[in-house]
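Residue numbers (this note's numbering), protein chains in the order written: chain P, 114 to 593; chain Z, 114 to 593.
What follows is the structure, encoded as structure tokens:
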């Protein structure tokens, strides 16, 4: 028995029994990752990496359409450079990996492996920006970063992860704020259109901001288990970094001004979000837009005359329009069904001798297992429509899950009751904006603030914690 | 004056005066890189990174067409893992960066930042390969690697660089050897077709092999200054790593066998090769296939009615077929000409009021400054043909340089004379295959062995060094 066959002998843990185990079963059995001997670092296998490549391609197009250019910054940051912005170093120093030796020689200054690259972009911007004609600078970088986390989980929290980090410099505060919002919207659109993943858009509270930011915007998604996933963030820095790194430009009146900056990022964590938004007890369910294989062709009774030929002919025809694969191995039909369900391929195309006689084949959807008989002549349009429908259905199902698990509460006791009766989810509640109340609710109920949503609702006029006048509505939840 | 304008005030150093300075002038003034505060690490700026993205896209297509899949391995290698293959660790340990601390804690085992990922791929392969049905594994990775070099130069030798590393595992020695050769050919084809860069294909001598390899194949290119650049390598490992890492499979007879492996890589160094193959004293000359901008449109007398509109109309039309940009800034025409020559844009398209009357525009080639007047109606076909011709011309010019600078020598004295009379270049000479002679020639003449070319010629029967019977012809040269 090959490695490939072995892994399917045992089914995956049901998510109702143990959600965490269900998750790690999927990432291993759908061939997304392998563990390595470096704790907290993972091997992203071809099937997992192909999903990331599709995510990258789609996001990169959106970044370029909004005027951004890609660059590459060094992997290392000298300790003195990291320390230039006070809040930033305080936030990151405790969780960076330090390089102390090059070959046999001890370095005169320690270098940290980038946990994020604000300091490097700032140093570069201070070199290349002089005049208002040099602005805005709209840069993005695709790279790996390292954060020395204590507890790790594949895709969700790993010591090394892949991401993109946008870093922009603008002449005015207004332009920088607009950029921060624009990129949060790009992320939210991407999540909806490409990952079929609904998100709540909002702002992080003061205590939950990025280290060094004036404001952090976030998109928050709700997973199958009712826990929230911070899926992407966009930060407005004002001129704080510009002052620390002396990034100035001469404006049209020849006056020296500081630039206003932003940064924004999403990571391989999106793959974790995709798994926990759409997966089921048979395995992954991959949204069509990022599926490495959109249609898997399975010849039925492939030893019979003409079946394999027809299956291969269909593959050659369909791969002009879709990402198509064929499995003509001698594994059993049952094994193949299970394998491609596990991998979450959106459409299974079955073709056997009787289908060929009727000039048709069978399409089976991964998401709802609906079966359709489609004439060869209508295959492209049927598949195209089906992929689009799967994409919308997945979104609607995930949105329904989010809505069903979003609860309005007016007191800490109500939060405790809702969580114990209905399980985890988003809690919407009014808040007085004091950090003390935010902290207290977390201690008393276990849910932390997720964001101050842009779409505010007036649920009441009292803070869920202290009962004093409320200023804003907050989303609360347990988080990954 | 903006940063952008400033840099053009001073011209670049002529390559005849100081080739090294000419090179660093170009990488800075064509906006390819910026230096960072980490010695030996560079910032790859948008124009430089766009060239790398085009290189990546082209190579990635070739890798996928030859059946390879992309994966991502961890950045870190535990010291004990690096040590598993004796020759490999000896080759790399002196030049790796060591991570010793995560946050405040000292690690129990040092981690090196990957200088190359054989050990990580081997560990993964030992996990996932069990049966002959799991073979071959044809993996590739795009990533950053770190080697703690003493002297560094942008693109050519940097402490961090970007590359791809292919790592494959096969059932038989023959398959692995075929793969090693196949990928060297993919590299050579890419250099010729895409970078217009001729290369000599051959095998490295025993003393010059990759640490841990049974054989290293190489492609060697000759730069403007007569120095050789190792542009890509492909290694055959036999089952050495498989034995060190216990990578076995059961064959069809259910017998346990070791796999046979290869690895192969090219790096951002290719950008350095491109610069030194085609650049001139006006700046970069970028081959059309990787040029971020293939056609730059410059409106002439753009304040006159209709000029800008027509220029923009042409851009909208041409960007359906080519990578096109327009410079409608208020910089002078002279400044613009110099700027896009510096950046090596293959074709400059000038359009002014009189051209518009005649329904034509002017195309100027970067490589030979030839000017053509082209009717609007024939623009796409003319540009397409011109880009193809530029690509071929660049190749032929570089090949002529290589041929003109390749010298046949029979003795060490001849080598010394040729070098002092004609300058650096490739030396073809016969060799007895002893490491001692290889070493001696280097000491006496300054040129080292570049490769044992696949295309052998019988130049004589005596070794260039000892005069004893020669076994093979070797290419010698000074190298980057």
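Just so you know, even glycine gets a beta-carbon here, dropped at the ideal spot from N, CA and C.
Being a predicted model, the structure only gives us computed values, none of them experimental.
A contact is defined here as three or more CB-CB pairs under 8 Å, and the segment 390–401 of chain P fails this definition with respect to the segment 266–281 of chain P. Taking residue 472(P) as the centre and dropping the five residues before and after it, the same chain places the C-beta of 488, 489 closer than 7 Å to its C-beta, in chain order.
Rounded to the nearest angstrom, the gap between the Cα atoms of residue 509(P) and residue 236(Z) is 42 Å.
In the pairwise beta carbon analysis, the segment 213–227 of chain P is classified as touching the segment 183–198 of chain P: at least three pairs are separated by under 8 Å. Within the segment 195–279 of chain Z, complete beta strand (DSSP E) segments of at least 3 residues are found at 210–215, 218–226, 250–259, given in chain order.
Sequence-distant Cβ neighbours of residue 417(Z) in its own chain, meaning closer than 6 Å and more than five residues away, are 466. Residues of the same chain with a CB within less than 7 Å of the CB of residue 134(Z), apart from the 5 flanking positions on each side, are 126 in chain order.
The three-state reading of DSSP puts residue 169(Z) in helix, counting H, G and I together. Taking the beta carbon of residue 182(Z) as reference, the chain P residues within 7 Å of it are 159, listed in sequence order. Here the C-alpha atom of residue 470(Z) lies approximately 11 Å from the C-alpha atom of residue 423(Z). Membership of residue 369(P) in any alpha helix (DSSP H) is not indicated; the residue belongs instead to the beta strand (DSSP E) covering 369–371. Rounded to the nearest whole angstrom, the CA to CA distance from residue 386(P) to residue 142(P) is 17 Å. Within chain Z, the C-beta atoms nearer than 8 Å to that of residue 154(P) come from 187, 188, 189, in chain order. Spanning the alpha carbons of residue 449(Z) and residue 262(Z) requires a straight line of approximately 38 Å. Closer than 8 Å to the CB of residue 217(Z) there is at least one CB belonging to chain P. In the pairwise beta carbon analysis, the segment 511–526 of chain Z is classified as touching the segment 535–553 of chain Z: at least three pairs are separated by under 8 Å.
At least one beta carbon of chain P lies nearer than 8 Å to the beta carbon of residue 211(Z).
Scanning its chain for C-beta atoms nearer than 8 Å, with the 5 sequence neighbours on each side dropped, one finds around residue 586(P) the residues 541, 542, 543, 544, 565, 566, 569, 570, 571, 572, in chain order. Following the DSSP letters along the chain, one finds residue 137(Z) inside the alpha helix (DSSP H) bounded by residues 132–142. With a threshold of 8 Å between beta carbons, residue 162(P) makes contact with chain Z. A Cβ-Cβ distance of about 16 Å is found for the pair residue 326(Z) and residue 300(Z), leaving them out of contact under the 8 Å criterion. One Cα belongs to residue 369(Z), the other to residue 363(Z), and the distance between them is close to 4 Å.
Taking a 10 Å sphere around the C-beta of residue 486(Z), we find fewer than 16 other C-beta atoms and assign the residue as exposed.
In summary, residue 153(P) is buried, with 16 or more beta-carbon neighbours lying within 10 Å of its beta-carbon over all protein chains present. Of the candidates 158(P), 358(P), 260(P), 158(P) places its Cα closest to the Cα of residue 140(P).
Between the beta-carbon of residue 462(Z) and that of residue 531(Z) there is about 45 Å, and that puts the pair past the 8 Å contact cut. Judged by beta-carbon spacing, residue 136(P) lies beyond the 8 Å limit of residue 384(P), meaning their Cβ atoms are not closer than that value.
Non-local C-beta neighbours of residue 415(Z) in its own chain, meaning closer than 8 Å and more than five positions away in sequence, comprise 421, 424, 441, ordered along the chain. At a cut-off of 8 Å between beta carbons, residue 228(P) makes no contact with chain Z. Spatial neighbours of residue 213(Z) in its own chain (CB-CB distance under 7 Å, excluding positions within 5 residues in sequence) are listed in chain order as 219, 220, 223. Put simply, the backbone Cα of residue 428(Z) is about 56 Å away from that of residue 552(P). Residues of the same chain with a CB within less than 6 Å of the CB of residue 198(Z), apart from the 5 flanking positions on each side, are 325, 354, 357 in chain order. For residue 510(Z), the enclosing alpha helix (DSSP H) stretches over residues 492–517. At a cut-off of 8 Å between beta-carbon atoms, residue 276(P) makes no contact with chain Z. Judged by their CB atoms, residue 344(P) and residue 304(P) are nearer to each other than the 8 Å cut-off. CA-CA distance, residue 497(P) to residue 512(Z), rounds to 49 Å.
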